[in-house]
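J.: Please find one structure pasted underneath; my questions will follow.
2 protein chains.
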Amino acid sequence: MKKIYFTVGPSQVYPTLFKYLYKIIKEDIPSLNHRGPDFKELFKQTTNNLRMLLNIPDSYQIFFVSSALEAMERTIQGCVEKTSFHVITGSFGKAWANYAGQLGKNVLKSDLLYSKIPKKAELICITQNDTSTGVWIPMKDIYNLKKKYPEKLIAIDIVSSIPYVDIDYKYIDVAFFSVQKGFGLPAGLGVIIVSPKALEKTEKLIKKGVVVGSYHSLKNLSEKAKNFQTPETPNVLNIYLLNQVIKDMLKIGLKKIREDTDKKAKDLYEFFDNHKKYQPFIKNPRFRSPTTLVFDVGTESEKLRKKLAKVGFIVGAGYGDNKLNHLRIANFPSHTSKSIIQMLKYI
Amino acid sequence: MKKIYFTVGPSQVYPTLFKYLYKIIKEDIPSLNHRGPDFKELFKQTTNNLRMLLNIPDSYQIFFVSSALEAMERTIQGCVEKTSFHVITGSFGKAWANYAGQLGKNVLKSDLLYSKIPKKAELICITQNDTSTGVWIPMKDIYNLKKKYPEKLIAIDIVSSIPYVDIDYKYIDVAFFSVQKGFGLPAGLGVIIVSPKALEKTEKLIKKGVVVGSYHSLKNLSEKAKNFQTPETPNVLNIYLLNQVIKDMLKIGLKKIREDTDKKAKDLYEFFDNHKKYQPFIKNPRFRSPTTLVFDVGTESEKLRKKLAKVGFIVGAGYGDNKLNHLRIANFPSHTSKSIIQMLKYI
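Top to bottom, those sequences are chains A and V.
Using this note's numbering, you'd call the opening residue of the first sequence number 28 and step up by one each time.
Using this note's numbering, you'd call the opening residue of the second sequence number 28 and step up by one each time.
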């Protein structure tokens, strides 16, 4: 039986992925020299295509790292001398704050986006869509924050909302994601989008003698990216796959992908809003994620997941302490409306 | 025309790789949940098989990171409070020392393994086989260093000598490599082998308030590895491939792989030792790498590489400033004796 993965990441692979895995074999991609012209061309194409897909300004740089957790670390190192401020709406926001603490920073936390942010906070870290709870922070709220605190840097984790989330980058200094969620790719590649202002901050920190990382500092990544390279031998295979999937998405159009995502999210939330026993974990629709949906199913998570698995639908358990009472369902471009409707019939 | 890659990494893929790429598709590996039992089993099997292949003591832990450069960073962070000592025989040893400096450490350097090492040096960093120059440091010399300075930690970069290099781990505290060289896999995965003494040092540093990393500190990697997991969503695909290739190597036996490597290296060095115009870059056979061989070809590197490429043999240019006057030829388990002899006919 062919399985369909509704897990929130790694998830269902992008429908064309396997076709590209064959191409990888044919084109000797695993042997590609990461200092040669073919790799540079791949780097250039991938970042250009991503820029086009997500509407990223030309002045922003795009870096490849190994995971979103690495992106959290490099962002803290590159943008914070002493104090970072963290809006926490779930376990990934909490993890980011913990890493900032481990990196020796003074960590301020808030569970409300709208609280007063102390003067000494240099960077505001926001998990725009927290995969653990399914809390979605509307971009408008984030823009308002930037308008209120224009002198502060803002970094957002868009791991599980990309490519759906629509961002006006002029309000954002750093945004990052990994590729095993919305892009439906194997794990092992992270992407950081960085504003000129964030890079200026890194330069300032270096001048002050602050440690901003080593082989992968925003500075070293920036220097190499100018020459379409990475400091280390990167995950070339995944960069290649990402480029292919972005090209597919450009053909379909992000508008269409977003409309489809909205429709599928509506179906899912309506089903659980009208269910007798189960309900969406997030009550206020404004903060409900359209891409990683979390449902409170009492203590029936395991029972439901087993039932669904029997018919080929692999659905996520709750995160951490909520393992047994939440269902987490991904709604990425790889998930068809048809498969969602079929899956819901078994709940 | 099917190409054969003699580049020093990424290089020729392991002969069975493509078979396993098909298995990856069949077994839904890109969708594998990195917190589930199947991933834990994969982690356990891969580390156990690697332990068996390389004769790594049970008391040593094995971690997955994203590259050898990351391994350099995490080793410095986890093992050095103030001062590291670097034996430099090429560009990769130099890079390691630079990263230590960027991480705020006091960096001492030597180009001789046998120089006196100051009391304050906490960690001795040795590029056992430097891919840029083809300098091989015999393991015996490294053991002697540890015997002379038993209180110091020793870390070795075995990126391009693994799995050929035979290590008695009791003299070594950290060893690391990436998988795109001797294992013939796609790039994007690094492996660190860590002694209990190195981990004790990390614990001591944490107690002193020294930053040892964040999501990927030796400490956090160790905690997760105890439960057969990684802090981040890792490069599962490459871990899966590594496990398959290790199993293949266990079947052949490392003794046989080493004998074959010696024979192929002998053929290569004899050819260039007897050549009228070209010669091995390293004069003293004791320091000549059997796995990444560097030859001085005057100014004919580009001409030779073009000639070889025309018949399907892709050979490496010199590193950095030696781009135009060196040839670099890899001799990994993926390279057959037959293909080496054929390639030499065209030189």
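Even for Gly, the Cβ is constructed at its ideal location relative to N, Cα and C.
If you're wondering where the values come from, they're calculated on a predicted model, not measured in any experiment.
By the three-class DSSP mapping on this structure, what secondary structure does residue 156/V have?
T.: strand
J.: Taking only beta carbons into account, state which residues of the stretch 281 to 315 of chain V come closer than 9 angstroms to chain A, listed in chain order.
T.: none
J.: Are the C-beta atoms of residue 184/V and some chain A residue less than 8 angstroms apart?
T.: no
J.: So, with DSSP's three-state summary, where would you put residue 32/A?
T.: strand
J.: Is the stretch 107 to 119 of chain V touching the stretch 101 to 115 of chain A, taking contact as three or more C-beta pairs under 8 angstroms?
T.: Contact between the stretch 107 to 119 of chain V and the stretch 101 to 115 of chain A is absent, because fewer than three Cβ pairs lie under 8 angstroms.
J.: Where does residue 39/A fall in DSSP's three states?
T.: coil
J.: So, do the stretch 137 to 153 of chain A and the stretch 299 to 307 of chain A have three or more beta carbon pairs nearer to each other than 8 angstroms?
T.: They do not touch, by the three-pair rule.
J.: DSSP three-state label for residue 347/V, please.
T.: Residue 347/V: helix per DSSP, three-state reduction.
J.: Can you tell me where the beta strand (DSSP E) with residue 217/A in it begins and where it stops?
T.: Residue range 217 to 221 is occupied by the beta strand (DSSP E) that includes residue 217/A.
J.: At a CB-CB cut-off below 7 angstroms, which residues of chain V make contact with residue 39/A?
T.: 58
J.: Counting only runs that start and end within the stretch 242 to 291 of chain V, where is the alpha helix (DSSP H) found for 4 or more residues in a row?
T.: DSSP runs (the alpha helix (DSSP H)) wholly in the stretch 242 to 291 of chain V: 245 to 253 and 263 to 279.
J.: Compare the C-beta of residue 265/V with all C-beta atoms of chain A and state if any pair is closer than 8 angstroms.
T.: Any Cβ of chain A closer than 8 angstroms to the Cβ of residue 265/V would place that residue at the interface, and such an atom is present.
J.: Using a 10 Å radius around the Cβ and a threshold of 16 neighbouring Cβ atoms, would you call residue 97/V buried or exposed?
T.: buried
J.: Taking the alpha-carbon of residue 204/V as reference, which of 31/V, 151/V and 190/V has the nearest alpha-carbon?
T.: 190/V
J.: Indicate whether the contact test is met: 3 or more Cβ pairs, each with one atom in the stretch 256 to 269 of chain A and one in the stretch 57 to 76 of chain A, closer than 8 angstroms.
T.: yes
J.: Using DSSP with H/G/I as helix, E/B as strand and the rest coil, what is residue 214/V?
T.: coil
J.: Exposed or buried, residue 84/A, counting other C-beta atoms within 10 Å across all chains shown (16 or more means buried)?
T.: The C-beta of residue 84/A has fewer than 16 other C-beta atoms within 10 Å across all chains shown, which makes the residue exposed.
J.: Looking only at its chain, what residues have a beta carbon closer than 6 angstroms to the beta carbon of residue 198/A, apart from the 5 residues adjacent to it on each side?
T.: Excluding residues within five positions, the ones whose Cβ falls inside 6 angstroms are 170 and 173.
J.: Within the chosen definition, does the stretch 65 to 74 of chain A reach the stretch 207 to 224 of chain V through at least 3 CB pairs nearer than 8 angstroms?
T.: no
J.: Would DSSP call residue 331/V helix, strand or coil?
T.: Residue state, collapsed to three classes: helix.
J.: How big is the Cα-Cα spacing for residue 330/A and residue 345/A?
T.: 13 angstroms
J.: Pick out whichever of 282/A, 200/A, 266/A and 309/A has its Cα sitting closest to the Cα of residue 103/A.
T.: 200/A
J.: Please list the segments of the alpha helix (DSSP H) lying wholly inside the stretch 121 to 200 of chain V, counting only runs of 4 or more residues, in order along the chain.
T.: 166 to 175
J.: Within 8 angstroms of any Cβ in chain A, is that where the Cβ of residue 55/V sits?
T.: yes
J.: With 7 angstroms as the limit, tell me which residues of the stretch 248 to 277 of chain A have their beta carbon closer than that to any beta carbon of chain V; keep them in chain order.
T.: Taking 7 angstroms as the upper bound on Cβ-Cβ separation, chain V lies near residues 258, 259, 260, 261, 262, 263, 264 and 265 of the stretch 248 to 277 of chain A.
J.: How would you list, in chain order, the residues of chain V whose beta-carbon sits under 9 angstroms from the beta-carbon of residue 321/A?
T.: Chain V residues near residue 321/A: none, gap ~16 angstroms exceeds 9 angstroms.
J.: Could you list the residues in the stretch 61 to 73 of chain V with a C-beta less than 8 angstroms from some C-beta on chain A, going in chain order?
T.: Here the close residues are 61.
J.: Give me the subset of the stretch 160 to 187 of chain A whose CB atoms are less than 8 angstroms from a CB atom of chain V, sorted by chain position.
T.: none
J.: Could you work out which residues of chain A lie near residue 229/V, taking near to mean beta carbons separated by less than 7 angstroms?
T.: In chain order: nothing, as chain A lies at least about 12 angstroms away.
J.: Within 10 angstroms of its Cβ, does residue 211/V collect 16 or more other Cβ (buried), or is it exposed?
T.: buried
J.: Report the rounded CA-to-CA distance for residue 135/V versus residue 126/V, giving the unit in angstroms.
T.: 12 angstroms
J.: Residue 360/A versus chain V: which residues are under 9 angstroms apart at the beta carbon?
T.: Under the 9 angstroms cutoff, chain V gives no residues; its nearest Cβ is about 15 angstroms from residue 360/A.
J.: So does the stretch 174 to 183 of chain A actually touch the stretch 150 to 157 of chain A, counting three or more Cβ pairs closer than 8 angstroms?
T.: Touching, yes, given that three or more Cβ pairs across the two stretches are closer than 8 angstroms.
J.: Give the interface partners of residue 36/V over in chain A, defined as CB-CB distance under 8 angstroms, in chain order.
T.: 260
J.: With burial defined as no fewer than 16 other Cβ atoms inside 10 Å of the residue's Cβ, what is the status of residue 247/A: buried or exposed?
T.: buried
J.: With a Cβ-Cβ cutoff of 8 angstroms, do residue 45/V and residue 56/A count as a contact?
T.: no
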